[in-house]
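Enquirer: Below are the structure tokens for one structure; questions will follow.
There are 2 protein chains.
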Amino acid sequence: MGLDGLGSSSYGPEAALTILIPLGALGLVYLGPVMGCIIALLAILYFSYRQTLAAYPTSGGAYAVAKENLGEYPSLLAASALMIDYVLNVAVGVSAGVGALVSAFPSLHPYILPLCLIVVAFVTLANLRGTGEAGWLFALPTYLFIVCFLGVIAYGLFRIVTEGDPTPVVAPPPLAAATGAAGLWLLMHAFASGCTAMTGVEAVSNGVGSFREPVIRNAYITLTIIVVVLALLLGGIAAIATSFNIGAMSQTEEGYQSVLSQLIGAVVGFNTFYYIAMCSLLCILCLSANTSFVGFPRICRMVAADGYLPKGFAQPGRRLVFTAGILFLSGFASLLLMVFGGITEKLIPLFAIGAFLTFTVSQAGMVVHWRRQEVKQPAKLAMNAVGAVATGVALLVIMLAKFTEGAWITLVAVPVTILLLRAIKSYYDGLDRELRQSGPIVLEEVEPPTVLVVTESWNRLSERAIKFALTLSPDVVAVHLVRLGGPENDEGEKALREKWHIDVEEPVAAKGLRPPRLMLIPAPYRELHEPLLRLIEKLDADAPERQVAVLIPETVKEKWWQKILHMNRAGNLRKQLLKFGGPRLTVVTVPWRLSRQEG
Amino acid sequence: MGLDGLGSSSYGPEAALTILIPLGALGLVYLGPVMGCIIALLAILYFSYRQTLAAYPTSGGAYAVAKENLGEYPSLLAASALMIDYVLNVAVGVSAGVGALVSAFPSLHPYILPLCLIVVAFVTLANLRGTGEAGWLFALPTYLFIVCFLGVIAYGLFRIVTEGDPTPVVAPPPLAAATGAAGLWLLMHAFASGCTAMTGVEAVSNGVGSFREPVIRNAYITLTIIVVVLALLLGGIAAIATSFNIGAMSQTEEGYQSVLSQLIGAVVGFNTFYYIAMCSLLCILCLSANTSFVGFPRICRMVAADGYLPKGFAQPGRRLVFTAGILFLSGFASLLLMVFGGITEKLIPLFAIGAFLTFTVSQAGMVVHWRRQEVKQPAKLAMNAVGAVATGVALLVIMLAKFTEGAWITLVAVPVTILLLRAIKSYYDGLDRELRQSGPIVLEEVEPPTVLVVTESWNRLSERAIKFALTLSPDVVAVHLVRLGGPENDEGEKALREKWHIDVEEPVAAKGLRPPRLMLIPAPYRELHEPLLRLIEKLDADAPERQVAVLIPETVKEKWWQKILHMNRAGNLRKQLLKFGGPRLTVVTVPWRLSRQEG
Numbered sequence: 001m002g003l004d005g006l007g008s009s010s011y012g013p014e015a016a017l018t019i020l021i022p023l024g025a026l027g028l029v030y031l032g033p034v035m036g037c038i039i040a041l042l043a044i045l046y047f048s049y050r051q052t053l054a055a056y057p058t059s060g061g062a063y064a065v066a067k068e069n070l071g072e073y074p075s076l077l078a079a080s081a082l083m084i085d086y087v088l089n090v091a092v093g094v095s096a097g098v099g100a101l102v103s104a105f106p107s108l109h110p111y112i113l114p115l116c117l118i119v120v121a122f123v124t125l126a127n128l129r130g131t132g133e134a135g136w137l138f139a140l141p142t143y144l145f146i147v148c149f150l151g152v153i154a155y156g157l158f159r160i161v162t163e164g165d166p167t168p169v170v171a172p173p174p175l176a177a178a179t180g181a182a183g184l185w186l187l188m189h190a191f192a193s194g195c196t197a198m199t200g201v202e203a204v205s206n207g208v209g210s211f212r213e214p215v216i217r218n219a220y221i222t223l224t225i226i227v228v229v230l231a232l233l234l235g236g237i238a239a240i241a242t243s244f245n246i247g248a249m250s251q252t253e254e255g256y257q258s259v260l261s262q263l264i265g266a267v268v269g270f271n272t273f274y275y276i277a278m279c280s281l282l283c284i285l286c287l288s289a290n291t292s293f294v295g296f297p298r299i300c301r302m303v304a305a306d307g308y309l310p311k312g313f314a315q316p317g318r319r320l321v322f323t324a325g326i327l328f329l330s331g332f333a334s335l336l337l338m339v340f341g342g343i344t345e346k347l348i349p350l351f352a353i354g355a356f357l358t359f360t361v362s363q364a365g366m367v368v369h370w371r372r373q374e375v376k377q378p379a380k381l382a383m384n385a386v387g388a389v390a391t392g393v394a395l396l397v398i399m400l401a402k403f404t405e406g407a408w409i410t411l412v413a414v415p416v417t418i419l420l421l422r423a424i425k426s427y428y429d430g431l432d433r434e435l436r437q438s439g440p441i442v443l444e445e446v447e448p449p450t451v452l453v454v455t456e457s458w459n460r461l462s463e464r465a466i467k468f469a470l471t472l473s474p475d476v477v478a479v480h481l482v483r484l485g486g487p488e489n490d491e492g493e494k495a496l497r498e499k500w501h502i503d504v505e506e507p508v509a510a511k512g513l514r515p516p517r518l519m520l521i522p523a524p525y526r527e528l529h530e531p532l533l534r535l536i537e538k539l540d541a542d543a544p545e546r547q548v549a550v551l552i553p554e555t556v557k558e559k560w561w562q563k564i565l566h567m568n569r570a571g572n573l574r575k576q577l578l579k580f581g582g583p584r585l586t587v588v589t590v591p592w593r594l595s596r597q598e599g
Numbered sequence: 001m002g003l004d005g006l007g008s009s010s011y012g013p014e015a016a017l018t019i020l021i022p023l024g025a026l027g028l029v030y031l032g033p034v035m036g037c038i039i040a041l042l043a044i045l046y047f048s049y050r051q052t053l054a055a056y057p058t059s060g061g062a063y064a065v066a067k068e069n070l071g072e073y074p075s076l077l078a079a080s081a082l083m084i085d086y087v088l089n090v091a092v093g094v095s096a097g098v099g100a101l102v103s104a105f106p107s108l109h110p111y112i113l114p115l116c117l118i119v120v121a122f123v124t125l126a127n128l129r130g131t132g133e134a135g136w137l138f139a140l141p142t143y144l145f146i147v148c149f150l151g152v153i154a155y156g157l158f159r160i161v162t163e164g165d166p167t168p169v170v171a172p173p174p175l176a177a178a179t180g181a182a183g184l185w186l187l188m189h190a191f192a193s194g195c196t197a198m199t200g201v202e203a204v205s206n207g208v209g210s211f212r213e214p215v216i217r218n219a220y221i222t223l224t225i226i227v228v229v230l231a232l233l234l235g236g237i238a239a240i241a242t243s244f245n246i247g248a249m250s251q252t253e254e255g256y257q258s259v260l261s262q263l264i265g266a267v268v269g270f271n272t273f274y275y276i277a278m279c280s281l282l283c284i285l286c287l288s289a290n291t292s293f294v295g296f297p298r299i300c301r302m303v304a305a306d307g308y309l310p311k312g313f314a315q316p317g318r319r320l321v322f323t324a325g326i327l328f329l330s331g332f333a334s335l336l337l338m339v340f341g342g343i344t345e346k347l348i349p350l351f352a353i354g355a356f357l358t359f360t361v362s363q364a365g366m367v368v369h370w371r372r373q374e375v376k377q378p379a380k381l382a383m384n385a386v387g388a389v390a391t392g393v394a395l396l397v398i399m400l401a402k403f404t405e406g407a408w409i410t411l412v413a414v415p416v417t418i419l420l421l422r423a424i425k426s427y428y429d430g431l432d433r434e435l436r437q438s439g440p441i442v443l444e445e446v447e448p449p450t451v452l453v454v455t456e457s458w459n460r461l462s463e464r465a466i467k468f469a470l471t472l473s474p475d476v477v478a479v480h481l482v483r484l485g486g487p488e489n490d491e492g493e494k495a496l497r498e499k500w501h502i503d504v505e506e507p508v509a510a511k512g513l514r515p516p517r518l519m520l521i522p523a524p525y526r527e528l529h530e531p532l533l534r535l536i537e538k539l540d541a542d543a544p545e546r547q548v549a550v551l552i553p554e555t556v557k558e559k560w561w562q563k564i565l566h567m568n569r570a571g572n573l574r575k576q577l578l579k580f581g582g583p584r585l586t587v588v589t590v591p592w593r594l595s596r597q598e599g
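Pasting the structure below:
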């Protein structure tokens with residue numbers, strides 16, 4: 001949990017520095033203040049989210065908070081922003097991880113996109129198989145990452161303090177000459193990009209249900225650790241990057257080095273430690289992508305339980321649905337990676353929008369929550385209000401700064417998703433209204449139905465079906481499907497009618513029952529249902545109020561090879577009759593268990 | 001039709017020469033006599049098959065001939081040999097075609113296997129889409145091939161006659177020094193390999209149904225053309241290869257040149273004509289692979305009509321079955337290509353066995369055919385007897401010479417296939433015996449069944465089901481599936497029972513009918529059928545003779561999105577009940593058409 005938050009600390013500063021590229025070396029001057037703003041925002045978020053956790057100890061995600069306090073549309077806004085962000089989180093995490101990889105091994109640079117797709121495929125397969133309880137597998141790279149990077153930052157700061165103006169062990173690539181002037185606009189851009197560093201915070205409140213007892217305390221601790229580590233990393237990176245003259249490079253450039261890669265190189269050089277640290281970075285970013293595979297089904301389940309997604313998603317443990325969710329997630333993430341060539345900096349604008357949308361909706365929901373409480377807690381209300389305003393302003397800045405760089409995609413996708421969720425909900429609502437029963441049962445004439453027994457030849461299967469039909473209704477018609485007409489078939493028909501008379505009509509009449517009629521109708525292969533439906537229409541015309549039940553004898557296939565050896569004709573016929581038959585048609589399936597039928 | 005026969009003329013001589021490699025230049029001396037034997041055998045085959053065509057003008061394939069004249073097992077032998085050979089024909093045709101390609105473009109040599117697989121995939125896709133009536137598409141490369149190669153051979157022979165000892169335009173690679181001595185064994189090998197050239201002849205008699213009227217005349221003409229062209233090609237290739245010192249190379253060798261490639265190079269050089277000729281060779285070999293995709297479904301249809309393959313294969317135009325056949329064919333061919341690395345010379349031993357098995361069985365069948373005729377035709381009988389003996393001897397030679405080189409695979413696969421076909425037949429026969437009806441219907445007590453109506457909530461769906469159930473039987477039980485027990489559910493239960501009393505029991509009793517009972521049974525999700533089956537068992541214990549009908553209301557999904565929005569719970573429940581329910585259980589499906597239900 002919260003791996004998201006740590007992973008994002010690596011691409012946050014990177015994204016901010018990328019925006020400052022046009023300023024050249026001058027840009028670094030502004031890095032400190034921009035990071036300061038981001039850390040301040042982080043602090044506000046921290047305190048607001050502490051309150052959310054306390055108020056909603058069981059799953060205090062933005063969707064739940066918005067649903068309770070703000071009503072349907074804000075909750076759908078939060079839900080769709082979250083769902084879209086889970087997809088983007090996979091794409092961003094994987095592409096940043098691959099960015100770390102190609103920094104360490106520059107020869108892999110031409111293969112960024114294929115590497116991204118391979119990592120997505122790998123994570124998908126691992127999740128399809130079920131990751132199980134591999135807690136240490138997740139914990140190890142996380143601790144390694146924290147130790148490595150806090151260590152490097154501490155050592156870097158130590159060198160800055162002791163050496164004054166330290167010489168990098170491996171000099172970072174020289175910064176380009178300034179090609180633009182610093183303006184408020186550019187700084188807003190940098191701020192907007194750096195904000196991505198905070199995207200992981202929401203994960204804690206969504207995942208609060210999976211913490212151990214005492215839940216709130218554990219969630220508090222996790223949130224605190226994440227925010228403190230994140231702040232230390234952001235601040236440290238900003239300080240060191242400024243002192244060592246480290247700027248961002250475009251990921252599309254040959255010889256690309258991520259900011260963190262340059263940073264370790266400058267502080268300690270490209271030694272074994274460097275490779276360990278970069279490896280932990282790759283792992284943590286892939287794991288942060290993995291959190292989506294936990295979070296996405298969870299949000300889908302919540303939304304489906306309210307009827308905004310197919311009901312199947314609301315049932316835990318439905319293998320097929322679970323698989324569908326994972327494939328949807330990895331499919332869309334792969335698509336995004338392909339569209340943007342696996343370049344992190346291009347994906348980030350899309351991502352930040354969704355994250356800050358959910359922040360703002362969630363905080364706004366909390367404000368309403370506090371207002372509704374009987375015991376007023378103005379301090380808490382104020383805190384969440386500050387949070388809502390701060391994240392709202394940040395959202396506006398991001399929207400303005402990043403609109404043309406891809407943010408518009410998210411801004412289009414969110415309402416489209418909302419419309420889709422609404423459409424699903426209104427379908428279920430309509431169905432509910434249609435089926436709702438009010439008042440007692442209305443009985444018309446209770447008359448036994450006409451029972452049609454479908455046979456292809458006169459054998460024990462059809463004998464059993466006829467016997468059963470006689471128990472249901474006195475009006476039984478055996479419909480014998482004949483392949484093709486023609487003169488020679490006429491004789492077969494005559495023989496069949498005679499056999500029918502002796503074998504069926506006479507014994508039934510002897511029992512004092514009305515003997516079943518035999519009807520021969522020609523039916524070409526594969527279209528058994530059409531002549532049957534025509535016959536039923538005719539029967540309907542004769543007795544418009546009468547129900548019609550079609551009896552289909554079906555062999556039960558218990559072994560896989562029986563499925564191959566028998567064509568599923570009975571099943572197909574049933575499907576067609578149900579689909580095209582009128583409202584008074586019912587299909588009765590009489591099973592015949594092969595080779596252990598008793599009677 | 002018959003493209004097979006022409007395609008095989010290219011790898012026949014090649015295969016024979018490959019065997020002669022160890023003899024070095026000396027081997028060429030023996031090529032003439034070996035080819036002579038092969039052409040003599042071809043002549044015998046030609047006259048025997050003419051008689052087969054005349055006697056069985058509608059589909060005179062080996063299976064049909066053997067079935068009529070020799071009985072079950074010989075016909076199955078022919079059928080399985082034919083089916084296996086259709087698979088091998090794809091593999092051999094494609095690998096020989098790719099061999100021609102890499103001869104023309106030696107830089108493609110490392111990619112033989114991938115190229116083979118791509119060609120198989122291409123042919124498969126074309127056949128899945130349906131090749132339609134593209135007659136000219138097939139005819140053009142065939143005519144081109146005939147014109148090119150007969151032209152080259154004629155020009156080569158002309159040069160031999162005029163120049164005496166002609167100099168090759170492009171010298172073929174020098175022949176290796178002799179590493180072995182010529183012996184009868186080696187010549188038998190060469191003969192066995194060269195016999196592959198004849199594999200295409202059977203295709204004409206299998207495909208005779210698709211000729212235009214007058215069928216026999218057209219089949220005669222085709223057969224004659226194929227055999228004459230084949231003989232000319234074989235003889236010409238042998239003569240030219242001997243004069244120009246052309247020997248075979250191993251396809252695995254770098255710089256591999258097929259015999260035909262060397263031959264054109266030696267006679268006319270590597271000019272534009274060379275590339276046109278090689279291109280026509282590639283096309284004709286791919287088309288010869290394609291004949292399998294026509295022939296394989298046809299033989300499957302014949303065999304399935306007799307009950308030796310799943311009945312579905314016997315129905316023309318069943319898309320699914322057709323697709324299954326094509327995928328089976330290309331899957332196995334690809335597997336063979338992968339196992340043998342796409343090398344033609346390794347596949348040929350497997351292929352020749354199957355072809356000569358069918359020749360021999362078919363000829364033997366014809367001998368029996370003539371013996372059974374009232375008007376004796378000793379000449380015809382003798383002709384077919386000669387054919388049977390000659391192909392039988394050739395089969396023996398091939399088996400002996402090629403056993404360790406892969407022929408054993410075919411010799412194992414044929415009986416395995418026969419056993420499988422027999423097993424399928426005996427399954428169908430057993431089923432037939434089990435279901436056969438003898439004598440009149442036996443009626444015990446005709447008593448209406450107990451009808452269980454499965455409901456999950458009391459709505460219009462269940463109302464309709466209850467109303468229908470009342471028309472079938474006075475003994476109706478509504479089974480309400482309850483999710484989970486517990487104290488709060490007890491109250492829900494009480495409310496439900498009260499509602500049931502007012503809404504159902506009272507109105508039904510007022511009509512003078514026995515009111516349906518309400519039973520509440522707890523059922524966890526996904527396992528609806530288990531508690532139901534337990535209930536049915538209990539009912540069975542109470543009234544062991546009584547039939548039980550389970551009524552399941554099912555919403556009819558007419559749109560694809562409805563299938564997503566509704567889980568197919570009714571369908572799953574029906575499947576489970578049919579599978580696990582006792583012999584007296586029947587399932588009734590009451591359809592509910594969404595949003596246009598009338599009553």
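The listed protein sequences derive, respectively, from chains A and B. Okay, so the first sequence: first residue is 1 according to the numbering used here, each after it adds one. Okay, so the second sequence: first residue is 1 according to the numbering used here, each after it adds one. C-beta: ideal position from N, C-alpha, C; glycine also. Predicted model only: the values in this text are computed from it and were never measured.
CA-CA distance, B/G71 and B/M83?
Expert: If I take the Cα positions, the gap works out to 18 Å.
Enquirer: Using a Cβ-Cβ cut-off of 8 Å (strictly less than) and excluding sequence neighbours within five positions of A/A100, which residues of its own chain qualify?
Expert: S10, S258, L260, S261, M278, L281, L282 and L285
Enquirer: Taking the straight line between their C-alpha atoms, what separation do you get for A/L347 and A/F328?
Expert: 18 Å
Enquirer: Flag this pair as touching only if the segment 359-368 of chain A and the segment 109-118 of chain A have three or more C-beta atom pairs under 8 Å; answer yes or no.
Expert: no
Enquirer: What is the DSSP secondary structure of B/V590, counted as helix, strand or coil?
Expert: strand
Enquirer: Check whether the Cβ atoms of B/I353 and B/I299 sit closer than 7 Å, and answer yes or no.
Expert: no
Enquirer: Any idea if B/M519 is buried or exposed, counting beta-carbon neighbours within 10 angstroms, 16 or more meaning buried?
Expert: exposed
Enquirer: Whole angstroms is fine: what's the gap from A/I38's alpha carbon to A/G194's?
Expert: 7 Å
Enquirer: Applying the criterion that 16 or more other CB atoms from any shown protein chain within 10 Å of the CB defines a buried residue, is B/V590 buried or exposed?
Expert: buried
Enquirer: Three-state secondary structure (DSSP) at B/H566?
Expert: coil
Enquirer: Go through its chain and collect everything with a Cβ distance to A/L443's Cβ below 6 Å, but skip five positions before and after it.
Expert: none
Enquirer: Specify the secondary structure class of A/P522 as computed by DSSP and reduced to three states.
Expert: strand
Enquirer: Express the C-alpha separation of A/L337 and A/A96 in angstroms, rounding to a whole number.
Expert: 11 Å
Enquirer: Which residues of the segment 528-560 of chain B have a Cβ closer than 8 Å to any Cβ of chain A? Give them in chain order.
Expert: Q547, A549, E554, V556 and E558
Enquirer: Helix, strand or coil: how does DSSP classify A/R517 here?
Expert: Reduced to three states, the DSSP call for A/R517 is strand.
Enquirer: What residues from the segment 306-323 of chain B come within 7 Å of chain A, judged by C-beta to C-beta, listed N to C?
Expert: P310, K311, G312 and Q315
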